[in-house]
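K.L.:
I am attaching a structure below and will ask some questions about it afterwards.
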Amino acid sequence: MPIILGLASIILLAILFGPQIWVRRVLARHGAERPDLPGTGGEFARHLLDEAGLRGVKVELTGDGDHYDPVDCAVRLLPQHYDGRSVAAVAVAAHEVSHAVQHARGEPAFVRRFALVKNVMWIDRLATALVLLTPVVFLLVKAPVLLVLQLLVALLLFAIRIAVHVVTLPVEFDASFGKALPALTRGRYLSARDMPGARSVLKAAAFTYVASALATLLDVGRWLRALRF
Ligand SMILES: [Zn+2]
């Protein structure tokens, strides 16, 4: 029995953290500074946005993970992608710009995804509150059934959050392979030698949300932060 439990926890940890570790490794592998590239990720994002006629979309620095913000109309990049000159910076910039293009064109899948993700925020907070309130409720009511029930509901809510990111994967794949990859190929921004690397980064970029949704399941620090309204 202990062996089965041990195996089960290893498999669970691999499922929860494997994708995140893979995404980070791919980005790190292609994150080496390349002075021969024509510009930084930030400059490249600006260039692609202008090419797409999206001059109103801003390019900003963030510490919060690369993303496109449809409310502020901003492509936000991490310092290593904003200021970095690397295959990873170029590919990530192209991926995030593609979300701005999806938004500008009003693509239905993007609009649906945006509505879903907005709901994920309160689902996430509710689940977090449930988990953090578990000991309090237990002390007050002292009913183990309630405790189990509460944790099950929290788990279900976390599962919904992960499911939302899984069902919106087509939007991510369209950004990476329907738009960013063709743009990189068309513009010949990278040499043929760098294209396989860019392709790997685009795949990792597409899985970023699913990977982090899985990994944050056990991140108590993040639960606490999520409660700050
Ligand atoms: Zn994306």
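Every letter in the sequence shown is one number past the one before it in our numbering, and letter 66, counting from 1, is 276.
Heads up, the beta-carbon is just placed ideally off N, CA and C, and yes, glycines get one too.
What residue range is occupied by the uninterrupted beta strand (DSSP E) comprising Val285?
P.N.:
Ala284 to Leu287 is the extent of the beta strand (DSSP E) around Val285.
K.L.:
Are there any heavy atoms of ligand 1 lying less than 7 Å away from the beta-carbon of Leu382, as far as the coordinates show?
P.N.:
The residue you asked about is not Leu; residue 382 is Glu in the sequence shown. Yes, since a heavy atom of ligand 1 falls inside the 7 Å radius drawn around the Cβ of Glu382.
K.L.:
Checking the sheet assignment: what are the DSSP bridge partners for Leu271?
P.N.:
In the DSSP output, where bridge partners are listed per residue, Leu271 has Leu287.
K.L.:
Taking Leu259 and Val330 to be in contact with their CB atoms under 8 Å, please state how far apart those CB atoms are, rounded to whole angstroms.
P.N.:
Going by Cβ atoms, the distance from Leu259 to Val330 rounds to 26 Å, so no, they are not a contact pair.
K.L.:
Excluding the 5 residues preceding and the 5 following Leu343 in the sequence, name in chain order all residues of the same chain whose CB lies nearer than 8 Å to its CB.
P.N.:
These residues qualify, in order along the chain: Gln360.
K.L.:
Taking 7 Å as the cut-off, does the CB of Ala385 come closer than this to any heavy atom belonging to ligand 1?
P.N.:
Checking every heavy atom of ligand 1 against the Cβ of Ala385, one is found closer than 7 Å.
K.L.:
Should Glu415 be counted as a contact of ligand 1 given a C-beta to heavy atom distance under 7 Å?
P.N.:
Note on identity: in this sequence residue 415 is Ala, with Glu being the wrong assignment. Ala415: yes, Cβ under 7 Å from ligand 1.
K.L.:
Quick one, are the C-beta atoms of Ala408 and Val297 less than 8 Å apart?
P.N.:
In this structure, Val297 lies closer than 8 Å to Ala408 by Cβ.
K.L.:
Under a Cβ-count criterion, where at least 16 other Cβ atoms within 10 Å of its own Cβ denotes burial, should Phe397 be classed as buried or exposed?
P.N.:
It is Gly, not Phe, that sits at residue 397 in the sequence shown. Gly397 should be labelled exposed.
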